[in-house]
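Here the structure comes first, spelled out in structure tokens, and everything after it is commentary.
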Amino acid sequence: MLSEKDINGIGMTSRRTRERLVNRLRDKGIHNEQVLDAIRNTPRHLFVDEAIASRAYEDTPLPIGHGQTISQPYIVARMTELLLGDRPPVRVLEVGTGCGYQSAILSQLVDRVFTVERIQALLQQARKRFRQLRLYNIQARHTDGGWGWEQHAPFEGIIVTAAPERIPQALLEQLDVGGRLVIPVGAQGGAQTLCVIHRTPSGFEREDHEAVSFVPLLGGTG
Ligand code: SAH
Numbered sequence: 002m003l004s005e006k007d008i009n010g011i012g013m014t015s016r017r018t019r020e021r022l023v024n025r026l027r028d029k030g031i032h033n034e035q036v037l038d039a040i041r042n043t044p045r046h047l048f049v050d051e052a053i054a055s056r057a058y059e060d061t062p063l064p065i066g067h068g069q070t071i072s073q074p075y076i077v078a079r080m081t082e083l084l085l086g087d088r089p090p091v092r093v094l095e096v097g098t099g100c101g102y103q104s105a106i107l108s109q110l111v112d113r114v115f116t117v118e119r120i121q122a123l124l125q126q127a128r129k130r131f132r133q134l135r136l137y138n139i140q141a142r143h144t145d146g147g148w149g150w151e152q153h154a155p156f157e158g159i160i161v162t163a164a165p166e167r168i169p170q171a172l173l174e175q176l177d178v179g180g181r182l183v184i185p186v187g188a189q190g191g192a193q194t195l196c197v198i199h200r201t202p203s204g205f206e207r208e209d210h211e212a213v214s215f216v217p218l219l220g221g222t223g
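Here our numbering is used: the first residue of the sequence shown is 2, the next is one more, and so on.
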């Protein structure tokens, strides 16, 4: 288990440093106080390699190995805010666990988090962190997330943290009526758009937000 000191951090990983990050996100337009609280309470420095832990509270993506990155805090906050909307989902599917940071944020804001990752080594590390931080409402699975997680569907919320060129059909099908899917869509190297898809009783409605840059959503498992 981690000690309070590990979790609270010191110097560049301390509460004070985190507060600066929260203020920065607020300046950039994040208004949901619950989301800001979750960012404040989550030890991002424990989700990256010790060698770069001192940079964990900068508003920047960082490498996590296997050619992948931990998303920029602003993007995590923004996507979470869009996912919560005016009626927070109860059960959420996340595609692209990576180091598990986004899952850890979600676990404080919704009842249950189901997260899937195609790279086994990353998933194992993420699971270990969830146990260490006692985030027991997260269930993680090694699979190609383009297929969703049928067994637990439908979800009131789905969040995808890697970019496909087109939205996988399975994810649309596993979205509950009244639910929302937050996903970056677009070609690699080109502009991707952060989209929110609402499932209504009669179909799907798409809302486009800012331009973003994500690693690609790949097929199969690694
Ligand atoms: N949510 C992470 C972001 C990780 S980067 C965070 O909090 O920082 C995106 C992740 O998506 C990578 O780990 C990558 O391996 C994973 N990924 C890409 N394609 C995938 C797929 N088809 N199924 C599941 N995971 C996928």
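C-beta atoms are modelled at their ideal positions from N, C-alpha and C, and glycine is treated no differently.
- A Cβ-Cβ distance of about 6 Å is found for the pair I31 and L37, placing them in contact under the 8 Å criterion.
- In this structure, DSSP gives Q73 a state outside helix and strand, which the three-state scheme calls coil.
- Checking the 7 Å criterion, the Cβ of R119 is within range of a heavy atom belonging to the ligand SAH.
- Of the candidates R207, T14, N9 and Q69, the residue whose Cα lies closest to the Cα of G97 is Q69.
- Your pair R181 and L110 does not check out as a contact, with CB atoms roughly 14 Å apart and the cut at 8 Å.
- Taken in chain order, the complete alpha helix (DSSP H) segments of 4 residues or longer contained in the segment 83-121 are 102-108.
- Cα atoms of F48 and R130: separation of roughly 8 Å, rounded to the nearest angstrom.
- One alpha carbon belongs to I160, the other to I184, and they sit about 6 Å apart.
- Membership of D209 in the beta strand (DSSP E) is indicated by the continuous run G204 to V213.
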